[in-house]
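Shown next, in structure tokens, is the structure this report addresses.
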Amino acid sequence: MRTVIHKLFWAWDFDKEEAWLNEMAARGLAMVSYGFCRYEFEPCQPGEYSIRIQLLDELPAHPESGAYLKFLEETGAEQVGSWLRWVYLRKKTSDGPFELFSDNKSKVRHLTGIITLISVITAINFAAGGYNIFLYFLYRIPATLLGCVNLALAAFFTVGLVRLLRKRKALQTDARLFD
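According to the working numbering, the sequence shown is numbered sequentially starting from 1.
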């Protein structure tokens with residue numbers, strides 16, 4: 001019997017989401033499907049699967065992403081879900097360790113992609129918020145509430161962005177130490 005759990009993770013907490021999914025697999029619930037904030041699991045042997053999450057450079061339907069996902073399938077990984085450019089992958093633990101990023105350089109590249117995505121979303125919200133508030137002061141158009149929501153979202157995303165930037169800086173420092 002399948003189990004559905006609704007849970008929200010922010011993009012900058014992808015590592016916490018991945019840890020939670022692996023904890024679920026360790027308890028005997030294997031992820032089989034994903035929809036926005038909706039995880040579907042089915043029973044499995046405890047610890048049977050390892051789960052990884054990755055932000056692709058393109059949408060999963062793009063030929064480059066398709067070739068990459070096919071390569072991962074050849075290594076024993078299986079795509080169990082996707083949302084926009086995020087993909088959810090699992091692999092049997094009996095097939096060996098499952099790491100998508102073998103070195104700090106590839107981890108930094110992945111974080112940079114997430115940082116870029118969040119930066120764009122943050123900039124759009126700052127711009128929209130500023131514009132709506134500007135309209136209020138200029139024309140008394142009651143879009144201030146929307147502008148305040150945009151600015152609050154931008155501030156919230158900035159906090160997540162700072163977390164990712166710190167994480168990337170730490171990885172870059174580690175990479176320099178070992179080069």
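Ideal placement from N, C-alpha and C gives every residue a C-beta, glycine not left out.
Cβ-Cβ separation, residue 118 to residue 164 (assumed contact under 8 Å), whole Å: Going by Cβ atoms, the distance from residue 164 to residue 118 rounds to 7 Å, so yes, they are a contact pair.
Member of 26, 35, 1 whose CA lies at the smallest distance from the CA of residue 8: The shortest Cα separation from residue 8 among 26, 35, 1 belongs to 35.
Selected residue, minimal CA-CA separation from residue 103, among 168, 28, 33, 1: Nearest option by C-alpha distance: 168.
Cβ-based burial, residue 110 [other Cβ within 10 Å; buried from 16]: With 16 or more Cβ atoms within 10 Å of its Cβ, residue 110 is classed as buried.
Helix, strand or coil at residue 38 according to DSSP, with G and I counted as helix: Residue state for residue 38 is assigned as strand, using DSSP reduced to three classes.
Between the CA atoms of residue 114 and residue 153 - distance to the nearest angstrom: Between the alpha carbons of residue 153 and residue 114 lies a distance of about 17 Å.
DSSP state of residue 99 mapped onto helix, strand, coil: When DSSP states are grouped into helix, strand and coil, residue 99 belongs to the coil group.
Buried or exposed (CB count within 10 angstroms, at least 16 for buried), residue 116: Under this definition residue 116 is an exposed residue.
Neighbourhood of residue 100 by C-beta, 6 Å cutoff - its chain only, sequence neighbours within 5 removed: The answer, listed in chain order, is 52, 54.
Span of the beta strand (DSSP E), counted from its first residue to its last, around residue 92: Unbroken beta strand (DSSP E) run through residue 92: 86-92.
Residue 30 - partner residues in DSSP beta bridges: 42.
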